[in-house]
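Q: There's a structure below that I have some questions on.
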Amino acid sequence: MMTLPQSRPRPLDQPKPRTGSAVVACGWGRVLFAHTFPDPQSLAEEMRREVQGQRDVALYLQDPHVVLSQAPHEFFLDPSHTYRLLLADYQPAGQEPAGFQVRPLQGPQEAQSAHLIYARRRMVPPPAEFLFDTCHDQVLRHFVAVVPGDGSVIGVVTCVDHHQAFDDPENGCSLWGLAVDPQASFPGIGEALVRAVAAYAKAAGRAQLDLSVLHDNFHAIALYEKLGFRRVPVFALKTKSPINESLFIGPPSEEEAKLNPYATIIVREARRRGIGVEVLDAEGGFFCLTLGGRSIHCRESLSELTSAVAMSRCDDKAVTRRILAKHGLSVPDQAVSDGGDGDRAFLARHGRIVVKPARGEQGRGITVDVRDAETLSKAIESARRQCEVVLLEQFCEGQDLRIIVIGGEVVAAAIRSPAHVSGDGSHSIRDLIEAQSRRRAAATGGESRIPLDAETERCVRAAGYGLEDVLPAGEVLPVRKTANLHTGGTIHDVTPDLHPHLADVAVRAAAYLGMPLVGFDFLVPAVDGPDHVIIEANERPGLANHEPQPTAERFIDLLFPGTRGGF
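Using my numbering, the first residue of the sequence shown is number 212, and each one after it goes up by one.
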């Protein structure tokens, strides 16, 4: 057995591997090659050296039951399958992916982007510094999927070369950390990343490529089996740490499993702190949190701390605007639809307007960028199906910025983009929308879908296409005007770039409305500039949309301040 070379960079505070056994630091934790350890006791001892906040994996256990017996209260058998690809039989894809390319990671900016993708996928994110420092490593090789036009990273994966790590007699390697940006619009990103690792390993002369995948990750398993991977009887061991808790405490209750992602993220954070959870109505997202003698009822991020009066200020968009305007904040011109000459006069005055119901959520009934009388009439009819009172609003150019304020502090800021599809030169726009809608639904627990309705058809026609037309390869087509996530929109964290004036305005607006937690929709020319208008306030914003920012943590801090920082 050979020792892992000690010259390889390691994350800060990463334990130095012990002599005589193979351990590879991967940034998110370490891979312990269990079959290189002399005995179960030494493997158990090394597993106990896991760094807090990371996730170690002991793989290739010959006698997992014996290692577990060393400390059954500390370790658990990972509920993952191991799959193997025999590289001699592997055949590469016949064509390159459309719209993006896969290559080795380059530069600190790509490392930072990869780090953020891991965080958004709720995986343990390797530090960006680690990814960059190891991008030319002999043992680790990181690959990224990149959009050539703007250089954005939309996927990442790592290959661990066992031959380089410990002179593996089986001449193998393994694939780790496959993650695709949940908001990427291109099809086949995950497949292209896996193929890149397989091609790299085969070119290096390796015999096989292994990977570990959770037993219920059916989409990933289907992809691996399609590419020729076959399941092998290899087991993995992990430590019973807070990061791994969901893997060893068993599945959630039947009612808790029905909660949507916006309620689930809060419930998980509450349970992590030892707060009791009672699901009252899973379909509606209602639950009760209890600690000691205190109970607080919530509906997702709306809690009893929000008064009925404050909620009513946000519920009616006209009231929201009047209150903010009264305090001197910048808001667009607005009028109540009269169904006649007044509507046409408002449109003539502004040229481009937004039509929306006075009450409503999730983008229902909103039509953006109305420019003619016929579209105006249809938009008013659509909005009236949601609420009898319909608002006409001045259309303002700018990026759609959501700012989350909790307890008088800005916790997260993100740019929201309308749903769009990317052409591949072979599929119709309808097919592309349906495929992108399935991907958005899978990435958001079914919360985000692109409706094939009149508004989507209007947007497609405005771009000069029909739903049955084939979109040229690489062309990006917006298919909605609103950036609402429930209609397929995407969201991109910009919290570090937020201009201080925008943050100050959001905090003051929350105070004027009396909201302990609120999500504001701004339109801004630039996130790092002061110019803006406020178009809406949301009393129940989706906190799950803003990872990696600690929105759920700050919400639980607000509800139970005594648990802050103690877990």
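C-beta: ideal position from N, C-alpha, C; glycine also.
Per the contact definition of three or more C-beta pairs closer than 8 angstroms, is the segment 415-431 in contact with the segment 251-261?
A: These segments do not touch.
Q: Mark LYS692 as exposed unless 16 or more other C-beta atoms lie within 10 angstroms of its C-beta, in which case mark it buried.
A: Stepping through the sequence shown from its first residue, residue 692 is reached at position 481. Answer is buried; the Cβ neighbour count reaches 16.
Q: Going by the CB atoms, is the gap between LEU448 and VAL278 shorter than 8 angstroms?
A: Counted from its first residue, the sequence shown places residue 278 at position 67. Counted from its first residue, the sequence shown places residue 448 at position 237. In this structure, LEU448 lies closer than 8 angstroms to VAL278 by Cβ.
Q: Beta carbon of GLY401, beta carbon of VAL391: below 8 angstroms?
A: Within the sequence shown, the letter at position 190 stands for residue 401. Within the sequence shown, the letter at position 180 stands for residue 391. Yes; because the gap between Cβ atoms is below 8 angstroms, this pair is in contact.
Q: Tell me the start and end of each unbroken alpha helix (DSSP H) in the segment 278-341 that is at least 4 residues and wholly inside, in chain order.
A: If we require 4 residues or more, the alpha helix (DSSP H) runs fully inside the segment 278-341 come out as 318-331.
Q: Do you know how far the Cα of PRO283 is from the Cα of GLN647?
A: Start at 1 with the first residue of the sequence shown, and residue 647 comes out as number 436. Start at 1 with the first residue of the sequence shown, and residue 283 comes out as number 72. The straight-line gap from Cα to Cα measures roughly 44 angstroms.
Q: Within its chain, find whatever has a CB closer than 7 angstroms to the CB of GLY399; leave out the 5 residues flanking it on each side and keep chain order.
A: Here residue 399 is taken as the residue at index 188 of the sequence shown, counted from 1. Same-chain partners within the cutoff: PRO308.
Q: Kindly indicate the opening and closing residues of the alpha helix (DSSP H) around LEU254.
A: The count along the sequence shown starts at 1 and reaches residue 254 at position 43. LEU254 -> alpha helix (DSSP H) spans 251-258.
Q: Helix, strand or coil: which one does DSSP assign to LEU734?
A: As a first step, residue 734 must be located in the sequence shown, where it is residue number 523. Here LEU734 sits in strand by DSSP.
Q: Taking the alpha-carbon positions, what's the SER291 to PHE459 distance?
A: For this step, residue 291 is matched to residue 80 along the sequence shown. For this step, residue 459 is matched to residue 248 along the sequence shown. Roughly 12 angstroms separates the two Cα atoms.
Q: Check whether the segment 438-458 touches the segment 325-334, taking contact to mean three or more Cβ pairs, one atom from each stretch, closer than 8 angstroms.
A: Short answer: they don't touch.
Q: Tell me where the beta strand (DSSP E) around SER633 begins and ends.
A: The residue given as residue 633 occupies position 422 in the sequence shown. Element bounds for SER633: 631-633.
Q: List the residues that DSSP assigns as beta-bridge partners of ASN749.
A: For the purposes of this step, residue 749 is taken as residue 538 along the sequence shown, with counting starting at 1. Answer by DSSP bridge pairing, in chain order: GLY730.
Q: With a threshold of 6 angstroms on Cβ separation, who are the neighbours of GLY740 within its own chain once the five nearest residues in sequence on each side are excluded?
A: Walking along the sequence shown from the start, residue 740 turns up at place 529. Contacts found: HIS710.
Q: First and last residue of the alpha helix (DSSP H) that includes GLU764?
A: Mapped onto the sequence shown, residue 764 falls at position 553. Residues 762-770.
Q: Beta-carbon separation of ALA624 and THR706 under 8 angstroms?
A: Translated into the one-based positions of the sequence shown, residue 624 becomes position 413. Translated into the one-based positions of the sequence shown, residue 706 becomes position 495. Yes; because the gap between Cβ atoms is below 8 angstroms, this pair is in contact.
Q: List in chain order: all unbroken beta strand (DSSP E) runs of 3+ residues lying wholly within the segment 520-605.
A: Fully enclosed beta strand (DSSP E) runs of 3 or longer: 545-547, 564-568, 578-581 and 601-605.
Q: Is it buried or exposed for PRO444, if we count other Cβ within 10 angstroms and need 16 for buried?
A: Walking along the sequence shown from the start, residue 444 turns up at place 233. So PRO444 counts as exposed.
Q: Tell me which same chain residues have a C-beta within less than 8 angstroms of the C-beta of MET213, skipping the five on either side of it?
A: On the sequence shown, residue 213 is found 2 positions in, with the first residue counted as 1. Here the model assigns MET213 a pLDDT of 29, short of 50, so the residue's position is not dependable and the matter cannot be decided.
Q: Taking only the alpha-carbon atoms, compute the straight-line gap between ASP224 and GLN302 and give it to the nearest angstrom.
A: The count along the sequence shown starts at 1 and reaches residue 224 at position 13. The count along the sequence shown starts at 1 and reaches residue 302 at position 91. Residue placement at ASP224 is flagged as unreliable, the pLDDT there being 46, under the threshold of 50; the coordinate-derived value follows with that caveat. Roughly 41 angstroms between the two C-alpha positions.
Q: Which residue comes first and which comes last in the beta strand (DSSP E) that contains SER423?
A: Reading the sequence shown from its first residue, position 212 is the one you call residue 423. Residues 419-425.
Q: With DSSP as the reference, label LEU434 as helix, strand or coil.
A: Residue numbering aside, residue 434 sits at position 223 when the sequence shown is read from its first letter. LEU434 falls in the helix class under three-state DSSP.
Q: Would you kindly work out how many angstroms separate the C-alpha atoms of ARG596 and VAL335, rounded to a whole number?
A: Mapped onto the sequence shown, residue 596 falls at position 385. Mapped onto the sequence shown, residue 335 falls at position 124. Using only the alpha carbons, I get a separation of about 44 angstroms.
Q: Quick one: measure Cβ to Cβ for ASP680 and ILE640, integer angstroms, because I've assumed they're closer than 8 angstroms.
A: Position 469 of the sequence shown, counting from 1, holds the residue named residue 680. Position 429 of the sequence shown, counting from 1, holds the residue named residue 640. Right, their Cβ atoms sit about 6 angstroms apart.
Q: With a CB to CB cut of under 6 angstroms and the five nearest residues on each side skipped, what residues in its chain are close to ASP544?
A: For this step, residue 544 is matched to residue 333 along the sequence shown. Cβ neighbours of ASP544 beyond the five flanking positions: GLN605.
Q: For VAL566, count the other beta carbons within 10 Å of its own beta carbon; 16 or more makes it buried, fewer makes it exposed. Which is it?
A: As a working mapping, residue 566 is identified with position 355 in the sequence shown. The residue is buried, with at least 16 neighbouring Cβ atoms inside 10 Å.
Q: Alpha carbon to alpha carbon, how far is ALA665 from LEU246? Give it in angstroms, no decimals.
A: Within the sequence shown, numbered from 1, the residue matching residue 246 stands at position 35. Within the sequence shown, numbered from 1, the residue matching residue 665 stands at position 454. The question names Leu, yet the displayed sequence has His at residue 246. Computed Cα separation, rounded: 60 angstroms.
Q: Grab me the residues of SER324's own chain with a C-beta within less than 6 angstroms of its C-beta, minus the 5 sequence neighbours each way, in chain order.
A: Against the sequence shown, residue 324 aligns to sequence position 113. Cβ neighbours of SER324 beyond the five flanking positions: VAL364.
Q: Going by DSSP, what residue range makes up the alpha helix (DSSP H) through GLN349?
A: The residue labelled residue 349 in the question sits at position 138 within the sequence shown. Premise fails: GLN349 is in no alpha helix (DSSP H) and is neither H nor E.
Q: In terms of alpha-carbon separation, which member of ARG295, LEU587, ASP372 and ALA714 lies closest to THR578?
A: Residue mapping note: residue 578 aligns to position 367 of the sequence shown, counting from 1. Out of ARG295, LEU587, ASP372 and ALA714, LEU587 has the C-alpha closest to the C-alpha of THR578.
Q: In the DSSP assignment, what residue or residues form a beta bridge with GLN610?
A: Along the sequence shown, one-based indexing puts residue 610 at 399. VAL735.
Q: Taking Cβ positions, are VAL313 and PHE354 nearer each other than 8 angstroms?
A: To locate residue 313, count along the sequence shown from 1; it is residue 102. To locate residue 354, count along the sequence shown from 1; it is residue 143. The answer is yes: Cβ separation under 8 angstroms.
Q: Under 8 angstroms, do LEU682 and VAL632 count as touching if we go by C-beta distance?
A: Along the sequence shown, read from residue 1 onward, the residue named residue 682 stands at position 471. Along the sequence shown, read from residue 1 onward, the residue named residue 632 stands at position 421. Yes.
Q: Whose CA, out of ILE476, GLY485, GLY539 and ASP732, lies closest to the CA of GLY496?
A: Indexing the sequence shown from 1 puts residue 496 at position 285. Among ILE476, GLY485, GLY539 and ASP732, the Cα nearest to that of GLY496 belongs to ILE476.
Q: For the putative contact between CYS525 and VAL729, defined by C-beta atoms under 8 angstroms, what is the C-beta separation to the nearest angstrom?
A: Numbered from its first residue, the sequence shown carries residue 525 at position 314. Numbered from its first residue, the sequence shown carries residue 729 at position 518. So it is a contact: roughly 7 angstroms between Cβ atoms.
Q: For LEU215 and VAL235, I'd like the C-alpha separation in whole angstroms.
A: Taking the first residue of the sequence shown as 1, we reach residue 215 at position 4. Taking the first residue of the sequence shown as 1, we reach residue 235 at position 24. Residue confidence for LEU215 is low, a pLDDT of 31 falling below 50, so the modelled location carries little weight and cannot support an answer.
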